[in-house]
Amino acid sequence: MNKEKGLIYKSFIFCLVVFSLGCKVAKNDSRELTLKEAFKDKFFIGTALNTGQITGSDTATIRVIKAHFNSIVAENIMKSGLIQPQQGNFRFDLADQFVAFGEQNKMHIHGHTLIWHSQAPRWFFTDEQGKNVSPEVLTQRMKDHISTVVGRYKGRVHSWDVVNEAIQDDGSWRKSKFYEILGEDFVKLAFQFAREADPKAVLYYNDYNMETPKKREGVVAMVKNLQKQGVQVDGIGMQGHVSLKHPTIEEFEKSILAYSDLKVKVSITEMDVNVLPTTWGNVGAEVSASFEYQQKINPYTNGLPDSVATAFNERYLSLFKLFTKHQDKIERVTVWGVNDKQSWLNGWPVRGRTNYPLLFDRNNQPKPVVKSIIQIARQQ
1 MNKEKGLIYK
11 SFIFCLVVFS
21 LGCKVAKNDS
31 RELTLKEAFK
41 DKFFIGTALN
51 TGQITGSDTA
61 TIRVIKAHFN
71 SIVAENIMKS
81 GLIQPQQGNF
91 RFDLADQFVA
101 FGEQNKMHIH
111 GHTLIWHSQA
121 PRWFFTDEQG
131 KNVSPEVLTQ
141 RMKDHISTVV
151 GRYKGRVHSW
161 DVVNEAIQDD
171 GSWRKSKFYE
181 ILGEDFVKLA
191 FQFAREADPK
201 AVLYYNDYNM
211 ETPKKREGVV
221 AMVKNLQKQG
231 VQVDGIGMQG
241 HVSLKHPTIE
251 EFEKSILAYS
261 DLKVKVSITE
271 MDVNVLPTTW
281 GNVGAEVSAS
291 FEYQQKINPY
301 TNGLPDSVAT
311 AFNERYLSLF
321 KLFTKHQDKI
331 ERVTVWGVND
341 KQSWLNGWPV
351 RGRTNYPLLF
361 DRNNQPKPVV
371 KSIIQIARQQ
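FYI, the numbering for the sequence shown is 1 to 380, going by full-length UniProt numbering.
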């Protein structure tokens, strides 16, 4: 072989090696890509943390959180009844650990929730005789609570659910204690107090069944009224508590567009897919709902049949295709828990069931749909 042919041959072999290595790296990248990496240029991928994860005792699940998620929200420990169980007695230990975890791992940190009728302490609404307090007293208590909590984490918690679940499915106002004492103004006051406590935080209204047409109309009307009064609402949280068939993708999309038209951010805030049968219709995420255990509504104690697993995969894929389609409108998609064992749906609205609503199984292994979701992100 002459010198010229030898150089051509060596160049050819070099190109083959480079091409082969390139294919191998690309293949490895595809296999090892995590959810947060796949969606890094689209929106945050978040999850809710429980006490074991916040305190560091659940090390196996923490590894999943660090690998796949870049946004966190506390499932319970920042709700008013837990963070201020008695007036003036704030318990910040777990909340401090939660925020520190997010900071140490350079995550987007979301606070949940400042004003919510459920899991609120009774003292919030009553005087020493057990009677409703005056509007002035409740207003001051709201201000004290919001100012203290948001002020403590000013510049550290990036966004807050300021008000949670104030509108009914029919579009009317929920007749909560907040509404009973203050009327519609309790929402305006809550946003004003939060804005004063941290002007740079992103402030959300959050609710379930946000795809329901009447509820959508009610929320849009509420936000428009606030905007007319000069109250800035930065985002709408659509709790993604869905089942295999409800709601339709079409209604979900209509709501994303309707809320986005308000010139606010949209987030999917509490996503899970309930695979178990129901006998009570759609109750959304109404935590007060409770039904008696029946074996027929807990049919998958030994795992999902193939047909249900397929439906589960298709449901998640259709939702993530929708979210990716509207990535310019969505700030965050957060699943409500890390693995199936820890999901609240094992105990609500019926205790003692075995549900499979999340992206990771009871052994913290990613379900097959995770790889498919990552492929959706790579394609769009």
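Even glycine gets a Cβ: it sits at the ideal position worked out from N, Cα and C. A quick note: this is a predicted structure, and the numbers were derived from the prediction, not measured.
Among the options, nearest to residue i - alpha-carbon criterion
i	options	result
residue 401	LEU138, LEU203, GLY171	The question about residue 401 has no answer here: the residues shown for the chain are numbered 1 through 380.
TRP344	ARG122, ILE297, ASP272, SER318	ASP272
GLN119	ALA258, ASN209, SER267, SER80	SER80
PRO366	GLN87, ASN302, PHE69, SER267	PHE69
GLN97	ALA74, GLU128, GLY337, PRO247	ALA74
LYS188	ASN132, LYS329, ASN164	ASN164
LYS106	ILE72, GLU128, GLU211	ILE72
ASN364	ASP93, PHE191, GLN53	GLN53
VAL350	TRP336, THR278, ALA258	THR278
MET210	GLN239, ALA221, ALA197	GLN239
HIS117	TRP173, GLU314, GLY151, SER159	TRP173
GLU221	ALA166, THR269, GLN295, THR55	In the sequence as displayed, the identity of residue 221 is Ala instead of Glu. Here the closest residue by C-alpha is ALA166.
LEU262	VAL231, PHE178, SER243	VAL231
GLU136	GLY171, GLY183, GLN168	GLY183
ASP340	TRP348, ASP361, LYS325	ASP361
residue 383	TYR356, ILE83, VAL335	This structure does not reach residue 383, given that the chain is present from 1 up to 380, and the question cannot be answered.
PHE124	GLY102, GLN104, PRO85	PRO85
VAL338	THR59, PHE92, HIS145	THR59
PRO121	ALA258, HIS145, ARG378	HIS145
LYS215	VAL242, ALA258, VAL333, ASP170	ASP170
SER176	ARG63, GLN140, ASN132	ASN132
TRP348	GLN379, LEU33, LEU276, GLU128	LEU276
GLU32	THR61, ALA67, LYS143, GLY56	ALA67
SER243	ALA258, ASN355, GLN87	ASN355
TYR208	GLN229, GLN168, GLU180, VAL150	GLN168
N-terminal and C-terminal residue of the beta strand (DSSP E) that residue i is part of
i	result
THR323	Reading off the sequence, residue 323 comes out as Phe, not Thr. It is not in any beta strand (DSSP E) - PHE323 instead sits in the alpha helix (DSSP H) that spans 306–325.
GLU270	265–274
LEU114	108–116
SER71	71–74
Residue i: first and last residue of the uninterrupted alpha helix (DSSP H) it sits in
i	result
THR148	135–152
ALA120	Premise fails: ALA120 is in no alpha helix (DSSP H) and is neither H nor E.
VAL219	213–228
VAL231	Premise fails: VAL231 is in no alpha helix (DSSP H) and is neither H nor E.
GLU368	Residue identity check: residue 368 is Pro in the sequence provided, not Glu. 368–379 is the extent of the alpha helix (DSSP H) around PRO368.
ASP54	It should be pointed out that residue 54 corresponds to Ile in this sequence rather than to Asp. Note, ILE54: alpha helix (DSSP H), 51–55.
VAL187	185–197
GLU128	Run containing GLU128: none; DSSP gives neither H nor E here.
THR61	59–68
LEU35	35–38
Residues sharing a beta bridge with residue i, DSSP
i	result
TYR205	VAL163, ILE236
ILE45	VAL333
TRP173	ILE167
PRO247	Note: PRO247 sits in no beta bridge, so no partner.
HIS241	ASP272
GLU86	The sequence shown places Gln at residue 86, rather than the Glu named in the question. Paired residue(s): ASN89.
PHE360	ASN339, PRO366
Rounded distance between the beta-carbons of residue j and residue i, thought under 8 Å
i	j	result
LEU322	ILE376	The Cβ separation is near 10 Å, so there is no contact.
ALA194	VAL162	5 Å
VAL369	LEU358	10 Å between Cβ atoms; not a contact.
ARG353	ASN302	About 13 Å separates the two Cβ atoms, so there is no contact after all.
THR51	ILE65	Their Cβ separation, rounded to whole angstroms, is 14 Å, which puts THR51 and ILE65 out of contact at 8 Å.
GLY237	SER267	5 Å
TYR316	ILE256	Actually they do not touch by this definition, with Cβ atoms about 17 Å apart.
ALA95	ILE115	Contact flag wrong, Cβ pair sits at about 16 Å.
THR269	ASN313	About 22 Å; that fails the 8 Å criterion.
GLY235	LYS265	4 Å
SER147	ALA190	No, SER147 and ALA190 are not in contact; Cβ-Cβ is about 11 Å, not under 8 Å.
- Are at least three pairs of beta-carbons, each pair with one atom in the stretch 97–113 and one in the stretch 298–311, less than 8 Å apart? no
- Query: Does the stretch 146–162 come close enough to the stretch 194–210 that 3 or more CB-CB pairs lie under 8 Å?
  - Reply: In short, these stretches touch, since the Cβ pair count reaches three.
- Message: Would the stretch 319–337 count as touching the stretch 237–251 if we require 3 or more Cβ pairs under 8 Å?
- Response: yes
- Could you tell me whether the stretch 213–228 touches the stretch 326–340, using the rule of 3 or more Cβ pairs below 8 Å? Flag = no, the stretch 213–228 and the stretch 326–340 do not touch.
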